[in-house]
Amino acid sequence: MPTAPHPQNTDELYRALQENDRRPYGRTRTVTAEELVDAAEQFAEPRPLVHALFALQKAYNYGSEPRKSPVVFARVLTLFDEQPDVFDERLRHTLFWRFKWVAVALLALPEIPLASLRQWLTEMRDRYEKADLELQPYYGQAYHLAAHIGEDTDLAYELWAGRTRTKLSDCEACEICERALYHLAAGDDERALRIWEPVLAGKESCQEEPARSVSYALLPLLRTGRTDRARELHLTGYRACRRNPAMSGEVGRHLEFCALTGNEARGLELLAENRSLFDDVDSPLDLVGFLTGVEVLLQRVELLGHGDLPAAGYAGRTWTVAGLRAEVRGRAADLAARFDARNATTAHTDRRTARLDRAPLLDALELTLRARGLDDVAPAVVPSASATAVPESLAELILRARESEKQGHPDATACWARLRTLVAAPGYAHPDDPAVGPLEHLRADLLADEAGQVGEKDEFDKAAALWEEAANLYDEAGAPGHAALARACALLPTGDVPAEGGDGAEAKAAALTAAYAALVRLQAETPDLAPYQEARVLRLRASALGLRLQETRDEEHIAPVLAEVDLLLAFATRHDITGQVSGAHLLRASTHALSGDLPTAVTEIDALLDRLRADGPAWHLPRTLGLRGRLRLGLGDAQAAHADLAEGLRLAADWPSDSGGTARLHGDLAQACLRLGRPDEALRHLSRSAELDLRHGSRTDAFCTYGNAAQLSLELGRVEDCIALLDSLLTEPDVAAGQLDDRLVAQLRLYRARALHAGEDLKAATAEFAALAAESAGWDDDPGSHAMIAAETAVLLAESGEFGRAREAADQALAAHARAPRYEQLSSCLRELARLQTQRQGAEGLADALAVLADAGRVADEARAAEFEARDRSLDSALAYEHGRVNAYAGEYETALAALDRALTLLGEPGPDDGHAGEWAECVRLASVVEGLYLERPAPALTRLDAAISRLTPLGHTEETESLASLAAQLRDEG
């Protein structure tokens with residue numbers, strides 16, 4: 006089926022070829038190129054056909070289809086032989102350049118005999134000599150063949166590398182790579198890296214470089230101790246080659262790098278992202294490189310004891326690491342053997358063996374902010390109990406689980422997890438033991454445990470339903486106290502879910518009040534509760550009122566909470582229920598904190614910590630220290646907060662990772678680190694907090710925290726870290742399947758788009774912003790976010806020179822702004838749009854730019870009428886300055902000067918502590934440039950500059966005067 010309308014004339018054909026050339030390499034581009042060749046054949050003149058054939062060969066070449074490239078080139082060569090006059094100088098250059106492409110394509114196919122490869126090189130040499138062309142490109146291809154075969158490489162290298170480059174030589178970046186690889190093969194890492202430096206530094210580049218060089222340089226960098234550089238280049242280099250069939254070998258080397266640096270989990274993640282390469286790579290040579298890299302990774306994972314992990318492999322079935330490794334090993338070994346048979350050497354098998362025999366170069370190199378091990382990607386397994394092993398006897402296990410649950414001991418988690426597995430297994434036989442009770446009782450216990458876990462993830466309605474189901478089973482088992490407690494637990498989640506149509510906080514407070522009243526009634530109607538059960542009901546009552554206070558912050562709600570806490574404390578003390586005594590003190594401290602009395606809350610926590618250290622329970626220490634750390638953060642003592650939180654984290658390591666609030670401790674430590682000016686440490690804690698939440702099923706919390714980490718890394722200028730983190734998150738299965746909240750995913754994509762922009766990947770950033778703008782246009786409940794996204798999209802489109810589309814995006818932003826004002830963002834967007842247009846188009850773009858600034862003026866008027874205070878620059882003075890700059894770019898210097906004078910009037914002269922001294926000095930500078938240089942009136946410009954310098958210097962604004970003094974000196978020199 007045609008992918009585009011059939012061109013009716015040569016002009017349409019050339020436009021279609023240009024449009025297709027802007028597409029990424031892949032099936033769509035290739036199919037379109039094939040169709041355009043068919044279309045070109047209808048025209049009488051042959052030149053359009055030559056262009057179309059060259060475009061098709063390019064699509065095959067960079068689309069990893071080497072079998073088809075020589076066939077297309079043969080047609081071009083026939084046309085050249087028959088009608089040489091059709092080929093102008095540019096087409097002739099392309100023809101002789103593409104001889105090298107055919108040589109590379111034939112080399113990649115093991116079914117092509119070695120004699121045919123040599124014959125093609127002879128053809129290339131003869132053609133070059135006949136055309137009176139220098140032979141350095143021919144010798145380059147001869148060296149490629151020698152290196153591929155593994156014979157006579159030194160002589161072939163000297164014959165090529167010793168010759169002067171010509172206009173038909175491979176680009177400088179590609180030749181640098183080949184020279185470096187020669188020395189790398191000789192074992193000289195240092196020399197190879199020295200040769201590679203211009204490419205690795207980005208000074209030389211092309212379609213394939215520096216991505217190709219980066220992939221080869223990773224291991225030499227590690228071997229020579231340059232780990233930070235290797236990490237940096239892995240992040241940038243992988244992004245340049247991922248999912249690209251023509252760079253599958255490069256992807257394989259990045260997988261190998263992960264395997265040899267303790268990043269096996271990241272390797273499996275990248276393998277999943279590149280799963281399509283198993284089927285999309287048509288080049289056998291590229292494929293053997295890719296598969297060998299995959300095998301290195303899978304071999305390492307299996308060696309570490311994780312052969313049963315799922316792995317992304319060939320389509321049509323599910324794979325484990327071990328199963329995929331066996332499949333990949335067979336295919337890659339067969340391909341290598343085919344090349345060796347064709348070449349009559351063992352070079353390819355030897356190279357595969359060398360890669361597979363490499364030992365890890367580092368135990369662990371932190372490649373991304375999302376540092377994960379294989380245990381993190383394995384199916385979640387609840388950690389075993391910390392104090393003692395889980396009992397082997399089924400009856401003992403059940404009794405241990407119930408006793409641990411009664412005490413609130415973290416070991417209960419492991420016991421219930423083990424019991425859940427046993428009960429679900431076929432042929433489960435329940436113990437016939439009166440102490441254990443019937444199976445219904447155990448099933449109810451398991452439901453209650455599940456309800457508690459679900460409630461911790463804020464899935465309140467599901468938790469309430471599970472508690473009710475557990476209560477019914479307890480009734481069947483003849484355990485009325487347990488049934489009553491389960492129903493009590495069901496009431497609190499219900500209070501967290503106000504009825505539909507409720508009015509936010511007020512409705513939730515009313516629901517919590519009703520839940521509290523229901524808990525009081527239930528306790529009164531159930532007189533035979535065991536003490537620990539009654540204590541839990543009292544704790545639920547106090548918690549309901551505490552949650553109400555948290556929702557309303559109403560002073561009248563403080564005393565009822567404290568009264569309930571006193572009841573709980575007295576009851577728990579009387580019955581020596583230490584866990585609930587501790588809980589009561591925590592509730593009291595939290596209540597003081599919610600009421601704003603942080604010092605009293607800290608005093609309460611201090612006393613509780615002394616009690617816990619003396620009498621226990623020890624597993625309450627991490628959460629209690631975490632609370633004191635948060636309180637100290639609230640009091641502004643970040644150093645003390647950090648000490649508390651760090652100690653809490655250290656003690657939490659003694660217990661299962663989800664029992665001491667470890668994720669919360671990491672998150673709070675991140676805040677403390679930020680207050681202390683330690684952002685890199687904060688990033689580590691944010692990442693660990695998110696990964697723990699992810700591990701324990703709190704996916705929304707995890708992605709929110711990771712979003713904060715991404716934003717922080719971007720603010721710190723760690724652009725590639727930010728992009729790598731977000732790429733990893735956005736490929737998570739539930740994100741790809743659309744199961745995560747779409748607004749949260751959009752926020753992550755927005756961070757990624759900004760990071761791409763900061764990383765100067767304008768094309769990718771613009772595409773992501775445009776997609777987000779289209780998506781957010783449907784957010785009827787959040788027009789403000791659409792206004793912001795559309796505004797940023799407009800700026801990026803303008804940076805790309807697409808001013809028509811930029812104006813459309815700006816109009817979308819203005820329409821959304823009318824519903825939910827974003828004065829500052831819209832004003833900034835419109836001013837930047839106008840600046841970019843006149844900077845690029847000069848006087849030709851002035852009318853459109855002034856129309857955009859007129860919109861910015863209306864936004865400023867609206868802001869003034871709404872008494873909006875801008876956080877940074879005044880919208881009016883910023884607009885006047887932009888009028889000056891835009892008119893200056895367009896050559897309207899008198900108008901520009903008048904606008905800048907108006908900006909200075911609006912700003913007023915700066916004072917000693919004035920935050921706008923820099924903006925004022927910039928206005929003076931630009932006005933002086935316009936007046937002194939463009940209008941050629943240096944005297945008044947110097948008067949203006951001298952006055953400004955005299956104003957700023959005694960006020961201490963020395964930095965702002967530097968540019969003014971430099972301009973004044975320039976004007977005096979030129980005068």
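Here the numbering used here is used: position 798 in the sequence shown is 803, and no number is missing along the way.
From the three backbone atoms N, C-alpha and C, an ideal C-beta is built for every residue, glycine too.
- Item | Cβ separation of Gln744 and Ala803, assumed to be a contact under 8 angstroms, to the nearest whole Å | So it is not a contact: roughly 36 angstroms between Cβ atoms.
Practice prompt. Express the C-alpha separation of Arg247 and Glu455 in angstroms, rounding to a whole number.
Written response: 40 angstroms
- Message: Please state the DSSP three-state secondary structure of Trp324.
- Response: strand
| task | Kindly provide the ranges of any alpha helix (DSSP H) runs that are 4 or more residues long and lie completely inside the segment 6 to 76, ordered along the chain. | result | 15 to 26, 32 to 45 and 52 to 67
Exercise for the section: Given a cut-off of 7 angstroms, decide if Leu84 and Pro53 are closer than it, judged by their beta-carbon atoms. Expected result: no
Item checked: Cβ-based neighbour list, Gly507, same chain, cut-off 8 angstroms, excluding 5 preceding and 5 following -> Per-residue confidence for Gly507 stands at a pLDDT of 49, beneath the threshold of 50, marking its modelled position as unreliable; the derived number appears in the next sentence. If we look at Gly507 and ignore the five residues flanking it on each side, its Cβ neighbours are Lys513, Ala515 and Ala516.
*asked:* Quick check on this structure: which residue in Pro684, Thr99, Leu22 and Glu737 has the alpha carbon closest to the alpha carbon of Thr721?
replied: One detail in the question is off: residue 721 reads as Leu in this sequence, not Thr. When only C-alpha atoms are compared, the closest one is Pro684.
State yes or no: is the C-beta of Gly298 within less than 7 angstroms of the C-beta of Gly257?
yes
With H, G and I counted as helix, E and B as strand and the rest as coil, what does DSSP make of Pro118?
coil
- In angstroms, rounded to a whole number, what distance separates the CA positions of Leu198 and Thr232? 13 angstroms
What is the rounded straight-line gap between the Cα of Ser389 and the Cα of Arg680? Annotation note: pLDDT 41 at Ser389 (below 50); position unreliable, coordinate value reported separately. Each residue's Cα considered, the two are about 36 angstroms apart.
What are the uninterrupted segments assigned as alpha helix (DSSP H) that are 4 or more residues long and contained completely in the segment 393 to 419, given in chain order? 399 to 412
Tell me whether Glu765 is buried or exposed, calling it buried when 16 or more other Cβ atoms sit within 10 Å of its Cβ. exposed
Decide if His98 is buried, meaning its Cβ has at least 16 other Cβ atoms within 10 Å, or exposed.
exposed
- [ ] Along the alpha helix (DSSP H) that carries His239, what are the first and last residues, could you check?
- [x] Thr232 to Cys246
Legend entry - Helix, strand or coil at Pro536 according to DSSP, with G and I counted as helix: helix
Review point. Start and end of the alpha helix (DSSP H) containing Ile794?
Key: Pro788 to Glu804
Original post:
Does DSSP classify Pro315 as helix, strand or coil?
Top reply: strand
Exercise. Skipping 5 residues on each side, what residues in its chain have a beta carbon closer than 8 angstroms to that of Ala161?
Worked result: Tyr144, Ala147, Tyr148, Leu150, Ala151 and Ala152
If we ignore side chains and look at the alpha-carbon of each, how far apart do Ala468 and Gly457 end up? 7 angstroms
Discussion item. Quick check: the Cα distance between Ala320 and Phe283, rounded to an integer number of angstroms?
Written reply: 8 angstroms
Can you confirm whether the segment 431 to 450 touches the segment 411 to 420 when touching is taken to mean that 3 or more C-beta pairs between the two stretches lie within less than 8 angstroms?
no
Does DSSP classify Lys172 as helix, strand or coil? coil
- request: Report all residues from its chain with a CB closer than 8 angstroms to the CB of Ala270; omit the five preceding and five following residues, and keep chain order.
  value: Arg377, Gly378, Leu379, Asp381 and Val382
At the level of alpha carbons, what is the spacing between Thr966 and Ala953? 8 angstroms
Give the DSSP-derived three-state secondary structure of Val386 in the structure shown.
-> Per-residue confidence for Val386 stands at a pLDDT of 45, beneath the threshold of 50, marking its modelled position as unreliable; no derived number is given.
My guess is that Leu654 and Phe708 are in contact by the Cβ rule of under 8 angstroms, so how many angstroms apart are they, rounded?
Going by Cβ atoms, the distance from Leu654 to Phe708 rounds to 22 angstroms, so no, they are not a contact pair.
Item to complete: Assign Glu213 to one of two classes, buried (16 or more other C-beta atoms within 10 Å of its C-beta) or exposed (fewer than that).
Response: buried
(request) If I'm right that Phe774 touches Thr798 with Cβ under 8 angstroms, what's the distance once you round it to whole angstroms? (result) 4 angstroms
Span of the alpha helix (DSSP H) around Ala982 = Nothing about residue 982 can be read from this structure; the chain reaches only from 6 to 980.
(message) With the cut-off set at 7 angstroms, would you say Ala861 and Arg836 are in Cβ contact?
(response) yes
**Item:** Segment contact flag, the segment 586 to 605 with the segment 555 to 575, C-beta cutoff 8 angstroms, min 3 pairs
**Value:** yes
(Q) Pop quiz: Leu976 and Ala932 are said to be a contact at Cβ under 8 angstroms. What is the actual Cβ separation, rounded to whole angstroms? (A) About 13 angstroms separates the two Cβ atoms, so there is no contact after all.
(request) May I have the straight-line CA-CA distance separating Leu226 from Leu189, to the nearest angstrom? (result) 11 angstroms
Identify the continuous alpha helix (DSSP H) that holds Phe774 and give its terminal residues.
Leu767 to Ser781
Fill in: Within 7 angstroms, strictly: CB atoms of Arg236 and Asp194
no
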